[in-house]
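In my numbering, the protein residues as written are 758 to 911.
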């Protein structure tokens, strides 16, 4: 009986600990094309993403095609995401407000342009990005995957 009670208490405590953790995009992410690993970290009051590792130089828009002459070839330290600030939030059962969506900018190295971008966390270690010019309705979405073992760094 005592063992069962301890087990139930431990399970409830671990669930409460997970509920206390707000969605956090900080950490290392693999881009949708698989070309880059991008590290998202604080930069002042915002979040930014820099290339941590260049894996390949395949086209982002035409899978399998090698990009010989990007407008700006990827390199480590290159800024890809900039100025992401909280946009939407939810209230937890205990009354805390947690950010669920951020707004900022994303750089497209193939055409050398920077676009407005919405960012949110999806299920199963997925980062959802929607780049657009003007209205998000006319943008393009992609999903990045969190690099294994690289959970958010608080």
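Don't be surprised by glycine CBs; every beta carbon is placed ideally from N, CA and C.
- The residue among 784, 874, 894, 901 with its C-alpha nearest the C-alpha of residue 844 is 874.
- Listed as beta-bridge partners of residue 863 by DSSP are 838, 872.
- Within the model, the alpha-carbon separation for residue 813 versus residue 833 is close to 12 Å.
- Within its own chain, the residues whose Cβ lies closer than 6 Å to the Cβ of residue 856, once the five positions on either side in sequence are excluded, are 843, 846, listed in chain order.
- Secondary structure at residue 799: strand, using DSSP grouped into helix, strand and coil.
- Put simply, the backbone Cα of residue 905 is about 33 Å away from that of residue 892.
- When the Cα atoms are used, residue 848 and residue 780 turn out to be separated by approximately 12 Å.
- With 16 or more other Cβ atoms from the protein chains shown falling within 10 Å of its own Cβ, residue 796 counts as buried.
- Going by beta carbons, residue 786 and residue 902 fall inside the 8 Å limit.
- Between residue 804 and residue 859 the beta-carbon gap is near 6 Å, inside 8 Å, which marks them as a contact.
- Cβ-Cβ distances below 8 Å link residue 883 to 900, 901, 902, 903 in the same chain, with the five nearest sequence neighbours on each side left out; the list follows chain order.
- The straight-line gap separating the alpha-carbon atoms of residue 866 and residue 890 is approximately 16 Å.
- Annotation: the continuous beta strand (DSSP E) that includes residue 883 extends over 883–889.
- Annotation: the continuous beta strand (DSSP E) that includes residue 900 extends over 897–903.
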